[in-house]
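First the structure, in the form of structure tokens, and then the observations on it.
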Amino acid sequence: MKKNQWMLAGASLLLAGSLAACSSNNNATTEAEGGSDKPAEQTKLVYWSIDRHDSDFIEQKISEYEGLNPGVDIEFKVMADNYAQSVDIAFSSKQAPDILRVDTGNVPTWVKKGYLESFDEYITPEMKSRFENVLINEKNTIDGKIYTLPNIGQFWRLIYNVDLFEKAGIAAPPTTLAEMVEDAKKITAAGKDIGAYGLAGNFKSGSGFERIAHPITTLSKTVGTEGFNFQTGQFDFGMYKETLEALRQIVEDGSMMPGSESLDIDPLRAQFAQGKIGMYFNHSVEPSVYKTQFPTDIRWAAALPPTVDGKQNGASQVISGSYLAMSKDSGQKEAAWKFIEWMYSDEVQTAYQEGGYGVSVIPSVAAAAKAPDIPGIEYFLPTKFDGIYPATPFGATEGRLEGTKKMDVFNRYIFTGGDLDKEIQDLNTRYNAALEKAKAAGDTTIEAQPDFSAANLQGSLVSE
Amino acid sequence: MNGTKRQINAWTFVAPSLILTLIFGVYPVFWALKYMFYDYQGFGTPLFVGLDNFERLLRDKDFWKSVVNTFIYAGGKLVITIPLSFVLAVVLNRALKGRQLLRAIYFMPTVISASVMAIVFYVIFNSYNGMVNQLLMGAGIVSAPIDWLGAKHALVTAIIIAIWGAVGNYMLLFIAGLQNIPEDLYEAASLDGAGPLRKMWSITVPMLGPVLQMIIMLAITVSLKGYESIMVLTEGGPYGKTEVMYLYLYKLFFPVSSGGSSIQQFGYGSAVGFTTAVIVGLITLIYFYVSKKLNDIY
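Each protein sequence line maps, in turn, to chains A and B.
Taking the UniProt record's numbering, the leading residue of the first sequence gets 1, the next gets one more, and so forth.
Taking the UniProt record's numbering, the leading residue of the second sequence gets 1, the next gets one more, and so forth.
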């Protein structure tokens, strides 16, 4: 009895101990085991990414780098689910990776949390000059210090089913919102026999509305993006009014795909691949999606987003600004930086674009890299109407917002109607009040830029 | 074995779980009790704001809407799940051929993760090619697809999924209770000429009193706290129609949807967490008070 009790107690402690043992020592210079061909000491680096789509390429490049630098061993982990939470836990438990993928929206927060090491001490003047045109406050620099640099950008387009357009007797993709509404109606009427609809959006996600509205609004207008007017330094959601009215009309016409309210992007793509959707909006990842994830027989194409009145006054927003960052807690900063520097090299980034993993925004790469061998990618290559916008205080503001978020207000209007002017007025009041709070708390330093005009972004990513 | 040794043995057994409970159960509660009076987003110096977070909570229509949604969700789930699992338990407690297999089938949803369950139901209920709509349209019951996950029906769909996931679990608890009722009570009742309904009402239900009290209490607390499948199914949408208390709370600590802010609101989240715990606690207490009679019967 006594023996059994102690055995049980021992087993309990062993279990508890094994929980604690589920951690690894990252920042270690480890000795290789005897008999190995590897050198006696290796610098071990841990690299986390959120991206699954390019993991084969990254692993291949890591092997290449390890071959060039036999003293370096890089452990690569894709943490696709709950990435931000995983990073928080890793830093609070002193198990942070040395190198980590970062989204632009997380850069200010992670810098404030003390996660990121500035590149300033490591970056050479030559490398800095390659990125001069794409350094953006609160996207990759904070208080003038560089914490990450961009590699690729999301170039947004209207994606359409050519077969359905022809069936509906439409010769070309819409260039105005009125045409988009009309085309959606015609496609729905012509596609009744196969259950096809004019337009779809993945409105389950908070980004569903934005995927449609941001490309249209930024290409149509000159004042800003994400509801933020750079000229006044205030939120003005009136910039979305025409787009919202057009989407509402499409719902009223019965041309919006049923179920769009709760649609995710992958089911939407699956339906598009089956020829059930006339038009939707998304970015430059789509060609590789239809090559690998949802191979399709339909004829599809993509075009610049339509605008309010057919005039391209601004620049279609390119989402870009960040890629790799270095952990402030890393004990191997020099080694980590050498790897980061190599990953940003023209050689690696050119291979990245040519491999079809994304469209580069690094001017030296964009000039040298060929288009990847992926059908449809040609529609997403940079044009003079694409541009990277300055950072807005949208994220910091929503962190202080009281009441319903704009995505819920707009989705409700699109699907059920209501007094749009009143809704916009209420959103402006609440978001600007939250902006003041965010500024007072030091969450953002973004101020008005009275001289801003999105027209000036035209041509910034390509030479004429 | 002397007293000291016995004490050491006892503490050795208790210590691992006690330590884990203190770290992962008790410490976060005290942490939240502190930060509900602070403005804190997870970085920088927390700023003491007194009752500001609670004032904001009183003004927060979205939170109170989530409380109403929670009551509808929990109420709908309970009203159907408890009687259904009771009936199933009574049927599957009889000498029925294949009852073990049927019990296993009904219990299976309990061992499937809520997230996986929600993904499967998303496929079944989606309006464009979901199986439910195809069956209904094939049978001529509806002429156009129903948007099961749209604003009108999403909460009902979430309740249906919750019922499917819970019935087997409560059925098993009822069966355990039924098997504790002495058979001679039924035999005596039969000799006195009691029919099946009479036996059910006068023996089964009263004898199950304490078990029923526990099952309903479990069902209430689990239903009020449930959010996992809703998070996967609709993320609380469309536009808040399926937002329940604990999903609202979760999003303040761990923002889930792209397109929104990724900034955590620990201070306000702690105030919401405290309030939701008070709401669930109060309902449980009221239930205990109201259901005292169930325990008094036997």
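C-beta: ideal position from N, C-alpha, C; glycine also.
query: Contact with chain B by Ser460/A, beta-carbon distance below 7 Å; result: no
query: Interface flag, Arg412/A vs chain B, CB-CB below 7 Å; result: yes
query: Straight-line gap, Leu116/A to Glu354/A (C-alpha atoms, nearest Å); result: 30 Å
query: Proximal residues of chain A, C-beta to C-beta of Phe71/B below 8 Å; result: Those within 8 Å of Phe71/B in chain A number zero; the least Cβ separation is about 20 Å.
query: Selection from Asn202/A, Lys185/A, Glu64/A and Gly206/A that minimises the alpha carbon distance to Ala196/A; result: Lys185/A
query: Residue-chain proximity (Asp408/A, chain B), Cβ-Cβ < 7 Å; result: yes
query: Proximity to Met231/B [Cα-Cα], best of Val29/B, Val211/B and Tyr250/B; result: Tyr250/B
query: Contacts around Leu100/A, its chain only, beta-carbon distance under 6 Å, and the 5 residues preceding and following it disregarded; result: Trp48 and Ala325
query: Where the alpha helix (DSSP H) through Val167/B begins and ends; result: Ala154 to Leu178
query: C-beta neighbour in chain B for Pro305/A, strict 7 Å; result: no
query: C-beta neighbour in chain B for Pro258/A, strict 7 Å; result: yes
query: First through last residue of the beta strand (DSSP E) which encompasses Ser327/A; result: Leu324 to Ser327
query: CB of Thr110/B within 7 Å of CB of Gly168/B, strictly; result: yes
query: Span separating the alpha-carbon of Thr445/A from that of Glu55/B; result: 27 Å
query: Sheet register partners of Tyr160/A (DSSP bridge); result: Met279/A and Ala301/A
query: Proximity test, Cβ basis, 7 Å: Lys384/A and chain B; result: no
query: For Tyr106/B, the first and last residue of its enclosing alpha helix (DSSP H); result: Arg99 to Val111
query: CB contact check: Ser262/A to chain B, cutoff 7 Å; result: yes
query: When Pro28/B, Asn9/B, Lys5/B and Leu20/B are compared against Phe274/B, the one with the closest alpha-carbon; result: Pro28/B
query: N-terminal and C-terminal residue of the beta strand (DSSP E) that Lys139/A is part of; result: Here Lys139/A belongs to no beta strand (DSSP E), and DSSP marks it neither H nor E.
query: Under 7 Å from the C-beta of Pro46/B: neighbouring residues of chain A; result: None at all; the shortest Cβ gap to chain A is about 11 Å.
query: For Asn229/A, three-class secondary structure by DSSP; result: strand
query: Own chain partners of Gln264/B with C-beta closer than 8 Å, once the 5 adjacent residues on each side are dropped; result: Gln41, Gly42, Leu252, Phe253, Phe254 and Pro255
query: Residue-level contact to chain B via CB, Ile446/A, 7 Å cutoff; result: no
query: Simplified DSSP assignment, three categories, for Leu14/A; result: With a pLDDT of 43 at Leu14/A, under the threshold of 50, the modelled position of this residue cannot be trusted, and the question is left open.
query: Leu420/A and Tyr413/A closer than 7 Å at C-beta; result: yes
query: Contact list for Phe155/A against chain B, beta-carbon separation under 8 Å; result: The premise fails here: Phe155/A is roughly 18 Å from chain B at the closest Cβ pair, so nothing lies under 8 Å.
query: Separation of Ser229/B from Phe119/A, as counted between CA atoms; result: 42 Å
query: CA nearest to the CA of Leu149/B, picked from Glu243/B, Leu33/B, Val67/B and Gly193/B; result: Glu243/B
query: Beta strand (DSSP E) segments (min. 3 residues) lying fully within the region 45 to 130 of chain A; result: 72 to 78 and 99 to 101
query: CB-CB length for Lys112/A against Glu75/A, believed under 8 Å; result: With 8 Å as the limit, Lys112/A and Glu75/A do not qualify as a contact, their Cβ atoms being about 27 Å apart.
query: Test: Leu155/B CB closer than 7 Å to a CB of chain A; result: no
query: Beta-carbon contacts of Ser86/A that lie in its chain and below 8 Å, excluding the five residues immediately before and after; result: Trp48 and Met79
query: Residue range of the alpha helix (DSSP H) that includes Tyr287/B; result: Phe266 to Val290
query: DSSP three-state assignment for residue 466/A, whether helix, strand or coil; result: With chain A covering only 1 through 464, there is no way to say anything about residue 466/A.
query: At least 3 beta-carbon pairs within less than 8 Å: the region 265 to 276 of chain A vs the region 247 to 256 of chain A; result: no
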